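Read the structure below first, then the notes.
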Amino acid sequence: GAWTLVRGMRALGASLSACPMPLPGGRLVQTGVYAEIRHPIYAGVIALAVGWAFLLASLAALIVAALLAVWHDLKARREEAWLVERLPGYDAYRRRTSRFVAGLY
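Under the working numbering, the first residue of the sequence shown carries the number 1, and numbering increases by one thereafter.
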């Protein structure tokens, strides 16, 4: 999870933002980890949360991880709507890549 998160952050460079709203002048990154999944930072956070829950063998932590996954999925959907509006080519990119897990989702 950490490796995916860091790779996503590094690949975005100056386009990295804590808010899901794309930055003015942001660019569409389609290389590196972004060649396979659209939201590696969110995927990394979710993987870390699930891993932590299993490490602790905690049902409560697993429930929190599941809620975190739902939150990030909703956030990604909103972000994608903005990206389609602002970045030419994003819709085609979205159709050929997975959201969080390459080849699955």
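The beta-carbon is built from N, C-alpha and C at its ideal position, and this holds for glycine as well.
Bear in mind the structure is a predicted one, so any value in this text is a computation, not a measurement.
Note the first and the last residue of the continuous alpha helix (DSSP H) segment covering residue i.
i, result
"P40", "P40 to L56"
"V84", "L59 to R86"
"A11", "A2 to L12"
Does chain B have any CB closer than 8 angstroms to the CB of residue i?
i, result
"L12", "Absent from the structure is chain B; it holds one protein chain and no more."
When DSSP labels each residue in this structure, what does residue i get in the three-state scheme?
i, result
"S98", "strand"
Taking buried to mean at least 16 other C-beta atoms within 10 Å of its own C-beta, is residue i buried or exposed?
i, result
"T4", "buried"
"A57", "exposed"
"E79", "buried"
"L104", "exposed"
"G32", "exposed"
Compute the distance between the beta-carbons of residue i and residue j, then report whether it is under 8 angstroms.
i, j, result
"A53", "A61", "yes"
"A102", "I37", "yes"
"A2", "G44", "yes"
"Y90", "L16", "no"
Looking at C-beta atoms only, is the number of pairs between the region 57 to 73 and the region 13 to 28 that lie closer than 8 angstroms three or more? Segments in contact, no.
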